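Here's the structure we're looking at; comments come further down.
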Amino acid sequence: MPDCYRSARWPWVIEKAIAENDRFAWDLEPFFRLQMAYMLLWCSIERFVSFKYHLGDRVAEKVFKLADDPAFIDALRSRVSGRREVYRSDDPGKKEVLDRDRPKKALGYYYQIRSNITHRGKTAVRDYEMLLGSLTELLDIFKAVLRSEFTPETETVVPPDEQLGLF
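For the sequence shown, position 86 (counting from the first letter as 1) is numbered 86 according to our numbering, and the numbering increases by one without interruption.
Next up, the structure:
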């Protein structure tokens, strides 16, 4: 594998943002840094699904295809506990629900948080807690999907960290 791929460590940027901004502050700097990390994660997810499914428009359609991916389903079920809700900032009467047993609904929940960051809404403290938890979960889930997609099927088991240099 070319060295240029081995040195790519994009998850580190997100993991660093999580580690350095794990407490709410009223100046909102940790909140904004987590928002940046969440949007970086979503850029990665959207690029991945574009290459995996199709390069056309309709980003949300491609994102929701991920709900059928066995690696996504397994990672979701192993990393998410409980049920949470997020309301739309553009229509507070509508909500998305995080349910680990309904992958498409779970993606809707994570995508709604992304949309709320883009279009702003809600209260800062509650949003911060929801964002931190969702960022941590979704990063873990996406890393599991990438491992499953790019890990060669061989009899020799090599940790994903060594295979791709990404994790």
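All C-beta atoms in this analysis are idealised placements derived from N, C-alpha and C, irrespective of residue type, glycine included.
Predicted, not measured: the structure shown is a model, and the values here were computed from it.
For residue i, which residues from the same chain have a beta carbon less than 8 Å from its beta carbon, with the 5 sequence-adjacent residues on both sides left out?
i, result
"Leu-131", "Phe-31, Leu-34, Gln-35, Tyr-38, Ile-113 and Ile-117"
"Ile-18", "Leu-34, Ala-37, Leu-132, Leu-135, Thr-136 and Leu-139"
"Leu-41", "Ile-14, Leu-135, Leu-138, Leu-139 and Phe-142"
Alpha carbon to alpha carbon, what distance is there between residue j and residue i?
i, j, result
"Arg-126", "Glu-96", "16 Å"
"Cys-4", "Asp-91", "In this prediction, Cys-4 has a pLDDT of 41, which is less than 50 and means its spatial position is unreliable; nothing more can be read from the coordinates."
"Phe-150", "Trp-26", "41 Å"
"Ile-45", "Phe-142", "7 Å"
"Arg-83", "Leu-55", "33 Å"
"Pro-11", "Lys-105", "25 Å"
"Ser-148", "Tyr-111", "22 Å"
"Asp-101", "Ala-67", "11 Å"
"Asp-22", "Lys-16", "10 Å"
"Gly-93", "Asp-99", "19 Å"
"Tyr-87", "Phe-64", "19 Å"
"Cys-43", "Glu-20", "21 Å"
Which same chain residues, not among the five before or five after residue i, have their C-beta less than 7 Å away from its C-beta?
i, result
"Ser-50", "Lys-62"
"Val-59", "Glu-46"
Tell me which residue opens and which closes the alpha helix (DSSP H) that residue i is part of.
i, result
"Arg-88", "Looking at the DSSP string, Arg-88 is not in any alpha helix (DSSP H), and its letter there is neither H nor E."
"Leu-40", "29-52"
"Val-80", "Counting along the chain, Val-80 falls outside any alpha helix (DSSP H), and DSSP gives it neither H nor E."
In or out: residue i buried (at least 16 other Cβ within 10 Å) or exposed?
i, result
"Pro-103", "buried"
"Phe-72", "buried"
"Leu-28", "exposed"
"Arg-6", "The pLDDT assigned to Arg-6 is 43, lower than 50, so where the model puts this residue is not dependable, and the model offers no usable value."
"Ser-81", "exposed"
"Leu-76", "buried"
"Asp-69", "buried"
"Lys-52", "exposed"
"Ser-78", "exposed"
"Gly-108", "buried"
Whose C-beta lies closer than 6 Å to the C-beta of residue i among residues of the same chain, with five residues either side of it excluded?
i, result
"Thr-85", "One point to set straight first is that residue 85 is Glu, not Thr, in the sequence displayed. Lys-95 and Val-97, listed in sequence order."
"Ala-144", "Ala-71 and Ala-75"
"Leu-164", "Note that Leu-164 scores a pLDDT of 48, beneath 50, so its modelled location is shaky and nothing firm can be said."
Is the beta carbon of residue i sitting closer than 8 Å to the one on residue j?
i, j, result
"Phe-24", "Tyr-128", "yes"
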